[in-house]
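If you read the sequence shown in my numbering, its first letter stands for residue 18, the second for the next number, and so on.
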Amino acid sequence: MEKFILSLKNRFSKSNFLHLMIMAIIFTSNSISAQKKDMMIRISEIEIYPEYLLQYKAILKEESAASVKLEPGVLAIFPMYQKKDSTQIRILEMYKDNDAYQSHLKTPHFLKYKTSTLKMVKSLKLIDMDTIDPESMKMLFRKMND
């Protein structure tokens with residue numbers, strides 16, 4: 018590689034060589050970042066009006082199961098509620114990448130969930146997260162198959 022760069026340097030003027038190297042660096046970094054897609058992880062904090070709780074949980078259960086079953090980019094949609102206040106729902110959402118998340122938002126099951134639960138939601142907070150140890154996360158999913 019070093020010989021190749023030296024041969025280019027000898028063929029071009031300094032300014033043309035510099036432009037060529039800058040273009041190569043830009044092209045290489047764009048290719049690498051286009052290939053590397055980060056997993057998207059989010060925690061949804063949702064408070065439900067008490068009178069809608071049973072209905073909301075049934076709709077959410079249906080939506081989360083369909084998402085994991087039907088969408089290859091959905092790694093996990095894991096709904097849960099606080100033991101001391103069942104109106105406090107938390108959903109751990111994990112997507113292969115942002116494209117998978119964007120695709121998820123357009124699915125019939127998500128749109129049905131979103132439109133049918135609007136009046137049930139007292140508050141919604143979406144918290145984007147990042148992993149500390151993605152390698153351990155892969156082991157978690159393998160262990161669940163044991």
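No residue lacks a Cβ here, since even glycine has one placed at the ideal position from N, Cα and C.
Judged by DSSP secondary structure, Leu-109 falls within the beta strand (DSSP E) whose first and last residues are 102–112.
Only residues of its own chain outside the window of five on either side were considered, and among them Ile-76, Leu-77, Glu-79, Glu-80 have a CB closer than 8 Å to the CB of Tyr-130, listed in chain order. DSSP, read as helix, strand or coil, puts Lys-131 in helix. Per the Cβ contact rule, the segment 118–133 is in contact with the segment 84–94 (3 or more Cβ pairs under 8 Å).
Going by beta carbons, Asp-150 and Asp-114 fall outside the 9 Å limit. Here Met-57 is buried: its Cβ has 16 or more other Cβ atoms, across all protein chains shown, within 10 Å.
In the structure shown, Tyr-118 falls within a helical segment according to DSSP collapsed to helix, strand and coil.
For Lys-142, the enclosing beta strand (DSSP E) stretches over residues 138–146.
Counting every other CB atom within 10 Å of its CB across the protein chains shown gives Glu-110 a total of 16 or more, marking it as buried. Here Leu-143 is near Glu-62, since their CB atoms are less than 9 Å apart. Annotation: the continuous alpha helix (DSSP H) that includes Glu-80 extends over 70–87.
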